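*Asks:*
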Ligand code: 4GT
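Numbering (my numbering), first residue to last: 795 to 1050.
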């Protein structure tokens, strides 16, 4: 059974960015993932097919009206129920949501599907959010002009979590954040590029040494670049090996 994703959006064409390209495109083609869009404009009852109106209380911009969104959600839910999916969650992408992280993506990748709601303008009538939305999710502390890019970010990172979507099944388990650390650096041919050599150890063929070096790089880079992530890792406890490798990294960093 594919992951069933219904998206409520005024701009369904935007989603070709994920359905047509790369790993996510392949997942669509292979039936690992199914995306269906619903345009609230198709559920309007007025001649101008308007989906937005002025904010009560005044102020700039427009607000998305509840009714075309509610009718879209009903259609999406009906489709999911016909497929046998029970109590599918409706997720509203918004800056006020729970921040998306690796753990949340992994949790979603174990569900059979969901319904994503994309806002435009200043946002959505609060009554629709209260009555129809099960969860709000944010992709970071910044404002976008619509929820579509956020929905695609969420879909992309869920798809690459799912078994069978990456060429190399090990890739997803070696990724950043899987072990709470940033990734080690990567190198490929040529051995020397504009005078810069590939680290000697990667050419040694000694896989135990390479593993230790990569772990050390992961620890060191997380300590240097993402002290916030490093604190979490530290609080969760490091192995003896990790502590030794990090101390060694710090020493050579400070004496450089
Ligand atoms: C930021 C995010 C998001 C927006 C985020 C409603 C109208 C929200 C425009 C939309 N901005 N959506 N999901 N950080 N803007 O996730």
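Note that the Cβ used here is the ideal one computed from N, Cα and C, for glycine as well. In this text the structure is predicted, and so the values were computed from the model without any measurement.
Please specify which runs of the beta strand (DSSP E), each continuous and at least 3 residues long, are wholly inside the stretch 803-876, giving them in chain order.
*Replies:* DSSP runs (the beta strand (DSSP E)) wholly in the stretch 803-876: 827-832.
*Asks:* Which residue or residues does DSSP assign as beta-bridge partners of residue 932?
*Replies:* Paired residues: 893.
*Asks:* Considering only their Cβ atoms, is the gap separating residue 986 from residue 977 smaller than 9 Å?
*Replies:* For residue 977 and residue 986, no; Cβs fall outside 9 Å.
*Asks:* Considering residue 907, what are the terminal residues of the beta strand (DSSP E) in which it resides?
*Replies:* 907-911 is the span of the beta strand (DSSP E), which, as asked, contains residue 907.
*Asks:* Between which two residues does the alpha helix (DSSP H) harbouring residue 1014 extend?
*Replies:* Where residue 1014 is concerned, the enclosing alpha helix (DSSP H) stretches over 1001-1019.
*Asks:* Look at the Cβ atom of residue 866, then the Cβ atom of residue 802, and state whether they are nearer than 9 Å.
*Replies:* It is a contact, given that the beta carbons lie within the stated cut-off.
*Asks:* May I ask you to report which of helix, strand or coil DSSP gives residue 986?
*Replies:* Here residue 986 sits in strand by DSSP.
*Asks:* Let me check you understand the geometry: is the CB of residue 866 closer than 8 Å to at least one non-hydrogen atom of ligand 1?
*Replies:* No, the Cβ of residue 866 stays beyond 8 Å of every heavy atom of ligand 1.
*Asks:* Taking the Cβ atom as the reference point for each residue, do residue 914 and residue 846 lie within a distance shorter than 9 Å?
*Replies:* Result yes, Cβ atoms of residue 914 and residue 846 sit closer than 9 Å.
*Asks:* Less than 6 Å between C-beta atoms, sequence neighbours within five positions excluded: which residues of the same chain meet that for residue 797?
*Replies:* Same-chain partners within the cutoff: 827 and 907.
*Asks:* Could you tell me if residue 805 is buried or exposed, where buried requires 16 or more neighbouring beta carbons within 10 angstroms of its beta carbon?
*Replies:* With fewer than 16 Cβ atoms within 10 Å of its Cβ, residue 805 is classed as exposed.
*Asks:* What residue from 834, 818, 857 and 795 has the CA that sits closest to residue 877's CA?
*Replies:* Of 834, 818, 857 and 795, the residue nearest in Cα terms is 795.
*Asks:* Please report how far the alpha carbon of residue 981 lies from the alpha carbon of residue 823, in whole angstroms.
*Replies:* Near 31 Å, if we compare the C-alpha coordinates of residue 823 and residue 981.
*Asks:* Using CA coordinates, which residue listed in 1026, 1007 and 1022 is at the minimum distance from residue 1043?
*Replies:* When only C-alpha atoms are compared, the closest one is 1007.
*Asks:* Using DSSP with H/G/I as helix, E/B as strand and the rest coil, what is residue 797?
*Replies:* Residue 797 falls in the strand class under three-state DSSP.
*Asks:* Straight-line CA distance for residue 1050 to residue 1017?
*Replies:* One C-alpha to the other measures close to 16 Å.
*Asks:* Taking buried to mean at least 16 other C-beta atoms within 10 Å of its own C-beta, is residue 862 buried or exposed?
*Replies:* By the neighbour-count rule (16 or more Cβ atoms within 10 Å), residue 862 is buried.
*Asks:* Between residue 1030 and residue 974, which are expected to be in contact by the criterion C-beta below 8 Å, what is the C-beta distance as a whole number of angstroms?
*Replies:* Yes, residue 1030 and residue 974 are in contact; Cβ-Cβ is about 7 Å, under 8 Å.
*Asks:* Pull the bridge partners of residue 947 from the DSSP assignment, please.
*Replies:* Answer is none; residue 947 lacks a bridge partner.
*Asks:* Based on DSSP bridge pairs, tell me the residues matched to residue 918.
*Replies:* DSSP, once it has assigned bridges, lists 858 as partnering residue 918.
*Asks:* Run through DSSP, which three-state label would residue 939 get?
*Replies:* Three-state result, residue 939: coil.
*Asks:* Taking 8 Å as the cut-off, does the CB of residue 938 come closer than this to any heavy atom belonging to ligand 1?
*Replies:* It does: the Cβ of residue 938 is within 8 Å (strictly closer) of some heavy atom of ligand 1.
*Asks:* Run the CB neighbour count on residue 951, radius 10 Å, all protein chains shown included, and call it buried at 16 or more, exposed below.
*Replies:* Buried.
*Asks:* Does residue 1047 come out as helix, strand or coil in the three-state DSSP assignment?
*Replies:* In the structure shown, residue 1047 sits in a helix (DSSP, three-state: H, G or I).
*Asks:* How big is the Cα-Cα spacing for residue 924 and residue 840?
*Replies:* In a straight line, the C-alpha of residue 924 is about 25 Å away from that of residue 840.
*Asks:* Compute the distance between the beta-carbons of residue 944 and residue 809, then report whether it is under 9 Å.
*Replies:* No, these two residues do not count as a Cβ contact at 9 Å.
*Asks:* Starting from residue 886, follow its DSSP beta bridges and name the residues at the other end.
*Replies:* DSSP lists 911 and 930 as partners of residue 886.
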